[in-house]
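So in this note's numbering, spot 5 of the sequence shown is number 12, and the numbers just go up one at a time.
Built from N, CA and C at the ideal position, the CB exists for glycine as well.
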Amino acid sequence: MIDSDEMNSAYRSALDTGTHVVKSLVKEPSVELFVDWSPYIGHDWSPLFNTSIHLNSLKALAKKLVEIPNHFTLQKQVKKLFDDRIKMAEEEIPVDWGFGEIICLCEHLNKW
């Protein structure tokens, strides 16, 4: 059985010689899961596409998004989030990323 001084000495020696000290560390990557991305290089990936939404549509979607049943009580932080979303739709505060994402999703679902 190896004692702690021997373990420490072996560990320090491995560090000094540049040997891997983590036994489960992968020394060479497995290429079996590699993907050849070369067919996707050199193409124009920014086609023009209109992603705008009419302000009236945005306001209507935002209003629907925050509708809750009368008997339902929101947690304080969730109520603030809902209140902020209405303010964003009314242009009282800047739109944040989350609101933009959820309105985009609502708009796509609304078109179906």
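Could you have a look at residue i and say whether DSSP puts it in helix, strand or coil?
| i | result |
| --- | --- |
| Met8 | coil |
| Ser59 | coil |
| Trp119 | coil |
| Val73 | coil |
| Ser64 | helix |
As a quick exercise: from the options, pick the residue whose alpha carbon is nearest that of residue i.
| i | options | result |
| --- | --- | --- |
| Asp91 | His78, Lys70 and Thr80 | Lys70 |
| Lys66 | Pro54, Ala17, Ile109 and Ser16 | Ile109 |
Near residue i, what residues of its chain come up, given a Cβ to Cβ distance below 6 Å and the 5 sequence neighbours on each side ignored?
| i | result |
| --- | --- |
| Ile60 | Glu114 |
In its own chain, which residues sit with a C-beta less than 7 Å from the C-beta of residue i, not counting the 5 before and 5 after it?
| i | result |
| --- | --- |
| Leu72 | Arg92, Ile109 and Cys113 |
| Ala21 | Val28 |
What distance in whole Å lies between the Cβ atoms of residue j and residue i, which are believed to be in contact at a cut-off of 8 Å?
| i | j | result |
| --- | --- | --- |
| Val28 | Tyr18 | 6 Å |
| Leu81 | Ile75 | 7 Å |
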